[in-house]
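Under our numbering, the first residue of the sequence shown is numbered -19, with each subsequent residue one higher. The C-beta atom is built at its ideal place from N, Cα and C for all residues, glycine as well. Down below is the structure, laid out as structure tokens.
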Amino acid sequence: MSDIVPVEVIESRIFVVRGQKVMFDKDLAMLYGVETRRLIEQVKRNIKRFPSDFMFQLTKEEFYELRSHFATSKRGGRRYLPYAFTEQGIAMLSSVLNSERAIMVNIQIMRTFVKMRRMMLSYKDLKMKIERLERKYDRKFKIVFDVLKKVLEPEIKEKRRIGF
């Protein structure tokens, strides 16, 4: 089964806001093949499905920090602050958007979040292993590095000044 949207495209549209990985309304709408305002309409019609830990609206400060991500319209910008959807909110979108494309894209987004979580866990494991090795071999390598420094540092001889 070929992917409808490459994983790299999905990954490039995941941001961290308020310490959470989120995707923005306009990116999700683009991936689902709907207008942003239609996506928000469906969310607002089903607002009970989207508590604040599933979806939130950016503050002006957050929006300005991320403004390079948001294109401006002919009217000089968005008329509302963007909505950010957490992984749970994105999963909930599948219950309010029923197109075949939305379902397939939603599955890919969920798989991408799982892949990213696995990568973070393996990164943490690798980091812990390296730290253990550093602690275990630190003293032995310090001796080696001290010797190397002595070998590599040229002897500083005081030059005799000539002239003035």
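Contact between the region 62 to 70 and the region 100 to 118 is absent: fewer than three C-beta pairs spanning the two stretches fall below 8 Å.
Annotated three-state conformation of Phe34 is coil, per DSSP.
Counting C-beta pairs closer than 8 Å gives three or more between the region 78 to 91 and the region -18 to -2, which meets the contact rule. Within 10 angstroms of the beta-carbon of Glu67 lie 16 or more other beta-carbons, which makes it buried. Per the coordinates, the alpha-carbon of Asp7 lies some 37 Å from the alpha-carbon of Lys109.
Rounded to whole angstroms, the separation of the alpha carbons of Leu113 and Ser74 is 45 Å. With a beta-carbon spacing of about 16 Å, Val23 and Met10 fall beyond the 8 Å limit used to define contacts.
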